[in-house]
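Chemist:
There are 2 protein chains.
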Amino acid sequence: MADTIPARPVVADTIPGRPVVAESVAGLGPVESVAVDGLEDQLARVALTWLAEPGNRAIWSLVQEVGAPAVLDRLIAGDVPDRKLRGSVAARLTAGDPRRFAEIALRRGERLGARLVVPSDPEWPRRLTDLATLELDTTGRYNHDIRPPLCFWVRGEWPLGRTLDRSIAIVGARAATDYGTNVTGDLAYSVACEGWTVLSGGAFGIDAAAHRGALAADGRTVAVLACGVERPYPAGNSALLERVAETGLLISEWPIGADPLRHRFLIRNRVIAAATAGTVVVEAAARSGATQTMSRVLALGRPAMVVPGPVTSAMSVGCHEILRSNPDARIVTSATEILEEVGRIGEYLADPPRGRERRHDRLDEESTLVMEALPANRSSTPELIAAEARLELPTVLRRLSLLEMAGLVVRAGNGYILRHSPSGTG
Amino acid sequence: MADTIPARPVVADTIPGRPVVAESVAGLGPVESVAVDGLEDQLARVALTWLAEPGNRAIWSLVQEVGAPAVLDRLIAGDVPDRKLRGSVAARLTAGDPRRFAEIALRRGERLGARLVVPSDPEWPRRLTDLATLELDTTGRYNHDIRPPLCFWVRGEWPLGRTLDRSIAIVGARAATDYGTNVTGDLAYSVACEGWTVLSGGAFGIDAAAHRGALAADGRTVAVLACGVERPYPAGNSALLERVAETGLLISEWPIGADPLRHRFLIRNRVIAAATAGTVVVEAAARSGATQTMSRVLALGRPAMVVPGPVTSAMSVGCHEILRSNPDARIVTSATEILEEVGRIGEYLADPPRGRERRHDRLDEESTLVMEALPANRSSTPELIAAEARLELPTVLRRLSLLEMAGLVVRAGNGYILRHSPSGTG
Numbered sequence: 001m002a003d004t005i006p007a008r009p010v011v012a013d014t015i016p017g018r019p020v021v022a023e024s025v026a027g028l029g030p031v032e033s034v035a036v037d038g039l040e041d042q043l044a045r046v047a048l049t050w051l052a053e054p055g056n057r058a059i060w061s062l063v064q065e066v067g068a069p070a071v072l073d074r075l076i077a078g079d080v081p082d083r084k085l086r087g088s089v090a091a092r093l094t095a096g097d098p099r100r101f102a103e104i105a106l107r108r109g110e111r112l113g114a115r116l117v118v119p120s121d122p123e124w125p126r127r128l129t130d131l132a133t134l135e136l137d138t139t140g141r142y143n144h145d146i147r148p149p150l151c152f153w154v155r156g157e158w159p160l161g162r163t164l165d166r167s168i169a170i171v172g173a174r175a176a177t178d179y180g181t182n183v184t185g186d187l188a189y190s191v192a193c194e195g196w197t198v199l200s201g202g203a204f205g206i207d208a209a210a211h212r213g214a215l216a217a218d219g220r221t222v223a224v225l226a227c228g229v230e231r232p233y234p235a236g237n238s239a240l241l242e243r244v245a246e247t248g249l250l251i252s253e254w255p256i257g258a259d260p261l262r263h264r265f266l267i268r269n270r271v272i273a274a275a276t277a278g279t280v281v282v283e284a285a286a287r288s289g290a291t292q293t294m295s296r297v298l299a300l301g302r303p304a305m306v307v308p309g310p311v312t313s314a315m316s317v318g319c320h321e322i323l324r325s326n327p328d329a330r331i332v333t334s335a336t337e338i339l340e341e342v343g344r345i346g347e348y349l350a351d352p353p354r355g356r357e358r359r360h361d362r363l364d365e366e367s368t369l370v371m372e373a374l375p376a377n378r379s380s381t382p383e384l385i386a387a388e389a390r391l392e393l394p395t396v397l398r399r400l401s402l403l404e405m406a407g408l409v410v411r412a413g414n415g416y417i418l419r420h421s422p423s424g425t426g
Numbered sequence: 001m002a003d004t005i006p007a008r009p010v011v012a013d014t015i016p017g018r019p020v021v022a023e024s025v026a027g028l029g030p031v032e033s034v035a036v037d038g039l040e041d042q043l044a045r046v047a048l049t050w051l052a053e054p055g056n057r058a059i060w061s062l063v064q065e066v067g068a069p070a071v072l073d074r075l076i077a078g079d080v081p082d083r084k085l086r087g088s089v090a091a092r093l094t095a096g097d098p099r100r101f102a103e104i105a106l107r108r109g110e111r112l113g114a115r116l117v118v119p120s121d122p123e124w125p126r127r128l129t130d131l132a133t134l135e136l137d138t139t140g141r142y143n144h145d146i147r148p149p150l151c152f153w154v155r156g157e158w159p160l161g162r163t164l165d166r167s168i169a170i171v172g173a174r175a176a177t178d179y180g181t182n183v184t185g186d187l188a189y190s191v192a193c194e195g196w197t198v199l200s201g202g203a204f205g206i207d208a209a210a211h212r213g214a215l216a217a218d219g220r221t222v223a224v225l226a227c228g229v230e231r232p233y234p235a236g237n238s239a240l241l242e243r244v245a246e247t248g249l250l251i252s253e254w255p256i257g258a259d260p261l262r263h264r265f266l267i268r269n270r271v272i273a274a275a276t277a278g279t280v281v282v283e284a285a286a287r288s289g290a291t292q293t294m295s296r297v298l299a300l301g302r303p304a305m306v307v308p309g310p311v312t313s314a315m316s317v318g319c320h321e322i323l324r325s326n327p328d329a330r331i332v333t334s335a336t337e338i339l340e341e342v343g344r345i346g347e348y349l350a351d352p353p354r355g356r357e358r359r360h361d362r363l364d365e366e367s368t369l370v371m372e373a374l375p376a377n378r379s380s381t382p383e384l385i386a387a388e389a390r391l392e393l394p395t396v397l398r399r400l401s402l403l404e405m406a407g408l409v410v411r412a413g414n415g416y417i418l419r420h421s422p423s424g425t426g
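Line order of the protein sequences matches chains W and R. Residue 348 in the UniProt record's numbering sits at position 348 of the first sequence, and the numbers go up by one each step. Residue 185 in the UniProt record's numbering sits at position 185 of the second sequence, and the numbers go up by one each step.
In structure tokens, the structure reads:
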């Protein structure tokens, strides 16, 4: 059967057909390694997302244990412990052969320039692994089935993982006000200028303004769809989404041909929350999709950022609701404040500064080396700093611009100078 | 000399001339009781606020120890431990005799219908005692001299203490936007309708809108001035402030004739913070008077409430700044949310509900009796509840309306019904 499947239309550097090892789950300890054929794995993962919605807890766990092809076999054979899942899979099987469907989808994907990315690929985004252990306080099916994606369909040239490494989600209401879309455009433009990828959901209103802002900055933007990547939804945004595919990435967990069903947006939102370094909500109605996304961001412990608005605006009610009910949600009013928040995780600050602790008490190792390489009372060039700190020049330049943003160094002529005395830097 | 001082033009029930006992300080243990003649005490307190600005830490402590008249004697004699205070008092003494000044001020006050209220009076507002032990993290003179007032000049018929018992401060920028004044007017109107006194600083913009909102509701409002109560400042608000004096209260720590000097507003702000059950900032520029008031509210542990606004508005920058830098500051968007916050202290909830604790686990005694007097599954009238709970009817009505606001009971016909099952009420 494998010879009916097209070779992958790929940017990535994996060789189709090589045996791969199923991903292990961070925090869950070693998972049994299952050797699976690459093409067979792809086919099975696509078939599984056709048989059941992505995020399904039982399926994801089984895939970790025995690999996607074996799970597919078991589902087709009706060998499913979960009675509800067994029923829905049986119903779906009456609509066709999942393997056949997957083959067609992969062939169509190739023709349309869409590639499939699976966890064994180098470009698989690592942050999504946090969904493996996520538990939400709230009940309901979409709060239960929040496991990592089985695969991503991707349109666009950038490697998925590295594009998402420095990414910020900016999301919000479809029925946004001028205030909301203007603020969103400004924020997206500014964070894109700083080299961050702007991720959103491709919808009207705030989402579209976020993508447009990043495009206006010639920055990178990613739209996470809840349908096949061949049919940008909503249709009114298709020109915008085509531009996103050309200069950034259009991605989806759902196979080519999948419809944008209403509940899929709720399933998709966990990816927006988990794929990014932090999420900003600009405008949101009460108890809306954006507030649901935020509950996932908060549960993941990622920066949950909220732009306030007039209390007289229905489109800011959801924003204020999030701020009122979650002490961990942060009010943000500018791109600088957003970058401060996301900078806290994995960027230039290892941990959020608490109480009277000074910001540079918490610098990561590279930033500390850069700070220590700066003379106490005069400026130094990036080249000299690189030599002194024994770091690569691009690393030094990157750290310097982050340290500048953090207010710890300032530009002086061709170089940089410490803003504070260097005592306590270590 | 006492016979040159006018009898007090007073609503209060103290008899001028009777010996009184200086206030003790809550939380400081018993303070030495100093028997002082009432008129002599008044005169000395007025003279002291003429010699040095209210809030002075050294003077206040001395007054607690030896009484106001003795402190005045010592200041006049140059017997002051604090060298800086000694210098400024000496300079002031060259301008005239403080006792003579105080006599004139009290006589003018009587003519103008302004009374003097001192700590030994029954109408003295008790909450101000919290300033006795307040310490701020920030430095600077106005953050040091934050002790309770020595006296209040009052215009208006309501007893000061009871008027402030259920009071909320609503303050903000003078250069307010239409958004700010509209929101302020709405909030003040609504909280005044619920029987709360609206306190503000009498300034243009947010302050004026707060007073007007309360007046529109036929509610009570108090303006705390930073100059003599005979000369409402700013002049542009004099018609408004005269109306406040007629239907509410105009109050000040400064004697009749005192000018509204710039630094006096910063001294005055501690009274706004300490006199009320909570403070709402509607619009504020960065690092403005309103943010200074809020630092006192937060240090006092009172509800510090902030109305957000557009991030594009300079008049909301201070609001968002307060929210971002103080985890204890609460975002509020409606009168209901404000009443929830102030209800937490001394109203229907003994303590803020935490975690999963149910709100009615924390009811005060009267509310608990009312809840227990309600049948499990049908409504009851206030009269029947009063009989069952062995409470007065007005008390029952008041508790019912608070319980209704808290969502614990709902109106049903002529009576009320429990919203939740009564288990766990006790």
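The beta-carbon is built from N, C-alpha and C at its ideal position, and this holds for glycine as well. Note that this is a predicted model, so its numbers are computed, not measured.
Can you tell which of W:Ser380, W:Glu321, W:Ile256 and W:Gly309 has its C-alpha closest to the C-alpha of Arg115 of chain W?
Modeler: Of W:Ser380, W:Glu321, W:Ile256 and W:Gly309, the residue nearest in Cα terms is W:Ile256.
Chemist: Distance check for Tyr233 of chain R and Val154 of chain R, CA to CA, integer angstroms please.
Modeler: Taking the straight line from one Cα to the other gives about 15 Å.
Chemist: By Cβ distance below 7 Å, which residues in the same chain neighbour Gly413 of chain W in space, the five residues on each side in sequence not counted?
Modeler: Only Ser379 meet the Cβ criterion.
Chemist: So is Ile76 of chain R in contact with chain W if we call contact Cβ pairs under 9 Å?
Modeler: So no, Ile76 of chain R is outside the interface.
Chemist: Answer with yes or no whether the minimum CB distance from Tyr179 of chain W to chain R is below 9 Å.
Modeler: So yes, Tyr179 of chain W belongs to the interface.
Chemist: Which residues, in order along the stretch 331-344 of chain W, keep a beta-carbon less than 9 Å from a beta-carbon of chain R?
Modeler: Those would be Ile331, Val332, Thr333, Ser334 and Glu337, in chain order.
Chemist: Given a limit of 9 Å on CB to CB distance, which residues of the stretch 236-264 of chain R reach chain W?
Modeler: Going along the stretch 236-264 of chain R in chain order, one finds no residue with a Cβ nearer than 9 Å to chain W.
Chemist: Taking only beta-carbon atoms, is Leu323 of chain W less than 9 Å away from chain R?
Modeler: Taking Cβ atoms only, chain R reaches closer than 9 Å to Leu323 of chain W, which makes this a yes.
Chemist: Could you list which residues in chain C have their beta carbon closer than 9 Å to that of Pro327 of chain R, in chain order?
Modeler: No chain C appears in the structure shown, which is made up of the protein chains W and R.
Chemist: Once the 5 residues before and after Glu283 of chain W are set aside, which same chain residues still bring their CB inside 7 Å of it?
Modeler: Once the five neighbours on either side are set aside, the close Cβ partners of Glu283 of chain W are Gly172, Ala173, Ala176, Thr177, Gly180, Ile206, Gly309, Met315, Ser316 and Cys319.
Chemist: Which of the residues in the stretch 297-318 of chain W, read from start to end, lie with their CB under 9 Å from any CB of chain R?
Modeler: Those would be Val307, Pro308, Gly309, Pro310, Val311, Thr312, Ser313, Ser316 and Val317, in chain order.
Chemist: Could you pull the start and end residues of the beta strand (DSSP E) that Thr229 of chain R belongs to?
Modeler: Here residue 229 of chain R is Val; the residue named in the question, Thr, does not match the sequence. No beta strand (DSSP E) holds Val229 of chain R; DSSP gives it neither H nor E.
Chemist: Give, in chain order, every residue of the stretch 179-204 of chain W whose Cβ lies closer than 8 Å to some Cβ of chain R.
Modeler: So the close ones are Tyr179, Asn182 and Val183.
Chemist: Between the beta-carbon of Trp124 of chain R and the beta-carbon of Leu160 of chain R, is there less than 9 Å?
Modeler: A contact, by the Cβ cut-off of 9 Å.
Chemist: Quick check: Ala217 of chain R and Ser190 of chain R, are their CB atoms within less than 9 Å of each other?
Modeler: The answer is yes: Cβ separation under 9 Å.
Chemist: Taking just the CA atoms, how far does Thr139 of chain R sit from Ser262 of chain R?
Modeler: Reading off the sequence, residue 262 of chain R comes out as Arg, not Ser. Approximately 19 Å, taken between the alpha carbons.
Chemist: Would you mind stating whether Val183 of chain R and Ser200 of chain R have Cβ atoms separated by less than 9 Å?
Modeler: Cβ distance not < 9 Å, so Val183 of chain R and Ser200 of chain R don't count as in contact.
Chemist: Considering Cα atoms alone, identify which of R:Ala95, R:Ala304, R:Thr221 and R:Leu106 is closest to Glu321 of chain R.
Modeler: The shortest Cα separation from Glu321 of chain R among R:Ala95, R:Ala304, R:Thr221 and R:Leu106 belongs to R:Ala304.
Chemist: Taking the beta carbon of Val306 of chain R as the centre, do at least 16 other beta carbons fall within 10 Å, making it buried, or is it exposed?
Modeler: Label assigned to Val306 of chain R: buried.
Chemist: Please report the residue range of the alpha helix (DSSP H) in which residue 429 of chain R lies.
Modeler: The first residue shown for chain R is 1 and the last is 426, placing residue 429 of chain R beyond what the model contains.
Chemist: When the Cα of Ser401 of chain W is compared with those of W:Pro98, W:Cys151 and W:Cys193, which residue comes out closest?
Modeler: Nearest C-alpha to Ser401 of chain W: W:Cys193.
Chemist: Tell me whether Ile417 of chain W sits in a helix, a strand or coil according to DSSP, three-state version.
Modeler: Note: Ile417 of chain W maps to strand in three-state DSSP.
Chemist: Whose C-beta lies closer than 8 Å to the C-beta of Trp60 of chain W among residues of the same chain, with five residues either side of it excluded?
Modeler: The residues are Ala132, Arg147, Pro148 and Leu150.
Chemist: Is His320 of chain W close to chain R, meaning its C-beta is less than 9 Å from at least one C-beta of that chain?
Modeler: True, the Cβ-Cβ gap to chain R drops below 9 Å.
Chemist: Measure the alpha-carbon distance for Gly248 of chain W versus Arg212 of chain W and round it to whole angstroms.
Modeler: Taking the straight line from one Cα to the other gives about 12 Å.
Chemist: By alpha-carbon positions, which one of R:Val244, R:Gly185 and R:Leu187 ends up nearest to Gly202 of chain R?
Modeler: Among R:Val244, R:Gly185 and R:Leu187, the Cα nearest to that of Gly202 of chain R belongs to R:Val244.
Chemist: Starting from the C-beta of Arg45 of chain W, find all residues in its chain whose C-beta is less than 7 Å away, skip the five residues before and the five after it, and write them out in chain order.
Modeler: Result list for Arg45 of chain W: Ala68, Val118, Leu150 and Cys151, in chain order.
Chemist: Quick check on DSSP: helix, strand or coil for Leu160 of chain R?
Modeler: The answer is helix: DSSP assigns Leu160 of chain R an H, G or I state.
Chemist: For the alpha helix (DSSP H) that contains Val280 of chain W, what are its first and last residues?
Modeler: First-last for Val280 of chain W: Thr279 to Val281, but that is the beta strand (DSSP E), not the alpha helix (DSSP H).
Chemist: Is the Cβ-Cβ distance between Leu267 of chain W and Ala226 of chain W less than 9 Å?
Modeler: At residue 267 of chain W the sequence reads Ile, which differs from the Leu that was named. Closer than 9 Å, so yes.
Chemist: Taking all protein chains shown into account, decide if Arg127 of chain R is buried (16 or more other Cβ within 10 angstroms of its Cβ) or exposed.
Modeler: Flag for Arg127 of chain R reads buried.
Chemist: Distance, Cα to Cα, Val281 of chain R vs Thr129 of chain R?
Modeler: Their Cα atoms are separated by approximately 23 Å.
Chemist: Among R:Leu215, R:Leu250, R:Leu374 and R:Leu298, whose alpha-carbon lies nearest the alpha-carbon of Tyr416 of chain R?
Modeler: If we check each option's Cα against that of Tyr416 of chain R, R:Leu374 comes out closest.
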